[in-house]
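**Student:**
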Amino acid sequence: MKCERQNGTIFVSSSRRLKSIEMTTQPFPGYPTDLQAQLMALLCLGDGISVVTERVSPTAFCMSAS
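Numbered by the working numbering, the letters in the sequence shown go through residues 78 to 143 in order.
#1: Among S92, L112, V89 and R94, which has the Cα closest to the Cα of T101?
#2: By how many angstroms is the C-alpha of K79 removed from the C-alpha of Q103?
#3: Given I87, which residues of its chain have a CB within under 8 Å of its CB, disregarding the five upstream and five downstream residues?
#4: Going by Cα to Cα distance, which pick from V133, K96, T136 and R132 is closest to L120?
#5: Mind pulling the alpha helix (DSSP H) runs of 4 or more residues that sit fully within the region 98-137?
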């Protein structure tokens with residue numbers, strides 16, 4: 078993959094099709110939870126089904142009912 082930054086925008090390109098992956102967020106030095114959303118957006122462009130598991134803040138998007 079090739080990443081370029083131009084005028085505040087990041088462009089990502091690849092000469093090959095992206096493949097599906099299984100990935101788990103981890104505390105440092107693992108994959109940071111803050112970059113999970115960007116990775117998921119990129120994986121939507123690839124072939125197959127990818128699985129991303131949140132291990133750092135698994136309840137970050139949970140809402141409790143009152």
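Idealized CB from N, CA, C, for every residue including glycine.
**Tutor:** Per the coordinate set shown:
#1: Closest in C-alpha terms to T101, from the list S92, L112, V89 and R94, comes L112.
#2: Answer to the nearest angstrom: the Cα atoms are 24 Å apart.
#3: Once the five neighbours on either side are set aside, the close Cβ partners of I87 are C80 and E81.
#4: K96
#5: 113-120
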